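Asker: Got a structure for you, questions after.
There are 2 protein chains.
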Amino acid sequence: MKLSAKVEYGVRAMAMLAIHYQAGPLPLSKISEQEKISLNFLEQIFPDLRRSGLVESVRGAHGGYMLSSAPETIRVGDIVRAVEGPITPVNCLSENKSEVRCHREGDCLTRKVWERLRDRINDVLDDVFLNELVE
Amino acid sequence: MKLSAKVEYGVRAMAMLAIHYQAGPLPLSKISEQEKISLNFLEQIFPDLRRSGLVESVRGAHGGYMLSSAPETIRVGDIVRAVEGPITPVNCLSENKSEVRCHREGDCLTRKVWERLRDRINDVLDDVFLNELVE
DNA sequence: TTAATTCCGACTAATTGACTAAGGTATCAC
DNA sequence: GTGATACCTTAGTCAATTAGTCGGAATTAA
Numbered sequence: 032m033k034l035s036a037k038v039e040y041g042v043r044a045m046a047m048l049a050i051h052y053q054a055g056p057l058p059l060s061k062i063s064e065q066e067k068i069s070l071n072f073l074e075q076i077f078p079d080l081r082r083s084g085l086v087e088s089v090r091g092a093h094g095g096y097m098l099s100s101a102p103e104t105i106r107v108g109d110i111v112r113a114v115e116g117p118i119t120p121v122n123c124l125s126e127n128k129s130e131v132r133c134h135r136e137g138d139c140l141t142r143k144v145w146e147r148l149r150d151r152i153n154d155v156l157d158d159v160f161l162n163e164l165v166e
Numbered sequence: 032m033k034l035s036a037k038v039e040y041g042v043r044a045m046a047m048l049a050i051h052y053q054a055g056p057l058p059l060s061k062i063s064e065q066e067k068i069s070l071n072f073l074e075q076i077f078p079d080l081r082r083s084g085l086v087e088s089v090r091g092a093h094g095g096y097m098l099s100s101a102p103e104t105i106r107v108g109d110i111v112r113a114v115e116g117p118i119t120p121v122n123c124l125s126e127n128k129s130e131v132r133c134h135r136e137g138d139c140l141t142r143k144v145w146e147r148l149r150d151r152i153n154d155v156l157d158d159v160f161l162n163e164l165v166e
């Protein structure tokens, strides 16, 4: 029952971008330096954030990344899902998989517990906005 | 953000024990057969449940496992923690580890989010009792 | 005794996680 | 244009975890 390190780092990095909001693009090297996260690892995380539209990148000299919208509008849940994909506490909740292991589907009693768990996790993560992390 | 298969199977197996509550010990072979879970894997899960006091074992012929208390008193959270250990959504929340990676500790802002997440997960899991899964 | 069953510990194959390395491509200041 | 800066992509590695296997020892009802 763990989030990945990518998520942990991703949230820290996004918090740092929130601090520098509207102060121009921030290079990953700066984030790497200050948050003590491997530059290469950050370069692996940020494409995910960009594809989800949470950040924008500016290339070239003095380039870097910046939030594409105000910190007040970005939920921690957005970051988690961007980096790690949808929250699925157990396998039988991931739709795409051809897991017929759960042979019941409809009337599975334990399934309801997992569904409720998933929803509550999303609730908690969606209840916190980026600006709350940096003040 | 996943629970392990051990937890998923453990809850299903415990639900089956709840159905057979007060009907004598149930051998793992029966559970394996009906729930389509590898017998050897079940034998790996049940020692954890026994050590946590959730089930009792009867050795020898016609032995098996049985709940050590009524289904109404056993929480899904008890099962999850017995099989998987304490819930720690991110590394910096696990006490025993010598992870000084999180150099802030006290005033870490993101930490509060993870703590809240952990608490809510426990809340949801502790809100469901075994008898609710089998009726 | 014998068969059924729990218990115990080591072993393994496959997957995932957490990075590291290297090279390529785009952009901008000068 | 040139070189520095920064993004982008792919691949590889190393350790831990997962989901089991396997074999055997202890226990007990019949």
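Chains as they are written, first to last, in my numbering: chain Y, 32 to 166; chain H, 32 to 166.
For glycine and all other residues, C-beta sits at the position ideal for the given N, C-alpha and C.
Model, not experiment: these values are computed from the prediction.
Between I68 of chain Y and A44 of chain Y, is the Cβ-Cβ spacing less than 9 Å?
Answerer: Contact: yes.
Asker: Between Y:V107, Y:Y40 and Y:L140, which lies nearest to L85 of chain Y when the distance is taken from Cα to Cα?
Answerer: The residue with the shortest Cα to Cα distance from L85 of chain Y is Y:V107.
Asker: Taking the alpha-carbon positions, what's the A36 of chain Y to D157 of chain H distance?
Answerer: Roughly 27 Å between the two C-alpha positions.
Asker: Would you mind working out which of H:Y96, H:A46 and H:K61 sits nearest T104 of chain H, comparing C-alpha positions?
Answerer: Measuring from the Cα of T104 of chain H, the nearest candidate turns out to be H:A46.
Asker: Quick check: the Cα distance between R16 of chain H and H93 of chain H, rounded to an integer number of angstroms?
Answerer: Residue 16 of chain H is absent from the structure shown; chain H starts at 32 and stops at 166.
Asker: Are W57 of chain H and L140 of chain Y close, meaning C-beta to C-beta below 9 Å?
Answerer: First, the amino acid is wrong: residue 57 of chain H is Leu here, not Trp. Against a cut-off of 9 Å, the Cβ pair of L140 of chain Y and L57 of chain H comes out as no contact.
Asker: In chain Y, which residues lie less than 8 Å from L59 of chain H when you measure between Cβ atoms?
Answerer: Correct list: empty, because the minimum Cβ distance to chain Y is about 18 Å.
Asker: Should P120 of chain Y go down as buried or exposed, given a rule of 16 or more other Cβ atoms within 10 Å for buried?
Answerer: Classification of P120 of chain Y: buried, given that the 10 Å Cβ count is 16 or more.
Asker: Around the C-beta of L73 of chain Y, are 16 or more other C-beta atoms found within 10 angstroms, so that it is buried, or is it exposed?
Answerer: Classification of L73 of chain Y: buried, given that the 10 Å Cβ count is 16 or more.
Asker: Hey, does P102 of chain H have any beta-carbon neighbour from chain Y nearer than 9 Å?
Answerer: Chain Y, which has no Cβ nearer than 9 Å to the Cβ of P102 of chain H, makes this no.
Asker: If distances are taken between C-alpha atoms only, which option among Y:L80, Y:L161, Y:G91 and Y:G116 comes closest to K143 of chain H?
Answerer: Out of Y:L80, Y:L161, Y:G91 and Y:G116, Y:L161 has the C-alpha closest to the C-alpha of K143 of chain H.
Asker: What's the C-alpha gap between K33 of chain Y and V111 of chain H?
Answerer: So the alpha carbons of these two residues sit roughly 13 Å apart.
Asker: Please decide whether I76 of chain H counts as near chain Y, where near means a Cβ-Cβ distance under 9 Å.
Answerer: No, because no Cβ of chain Y sits closer than 9 Å to the Cβ of I76 of chain H.
Asker: What does DSSP give as the partner residues of E66 of chain Y in its beta bridges?
Answerer: The partner list for E66 of chain Y (beta bridge, DSSP) is empty, contrary to what the question assumes.
Asker: Can you tell me where the beta strand (DSSP E) holding V144 of chain Y begins and where it ends?
Answerer: Careful: V144 of chain Y lies outside any beta strand (DSSP E), inside the alpha helix (DSSP H) at L140 to D157.
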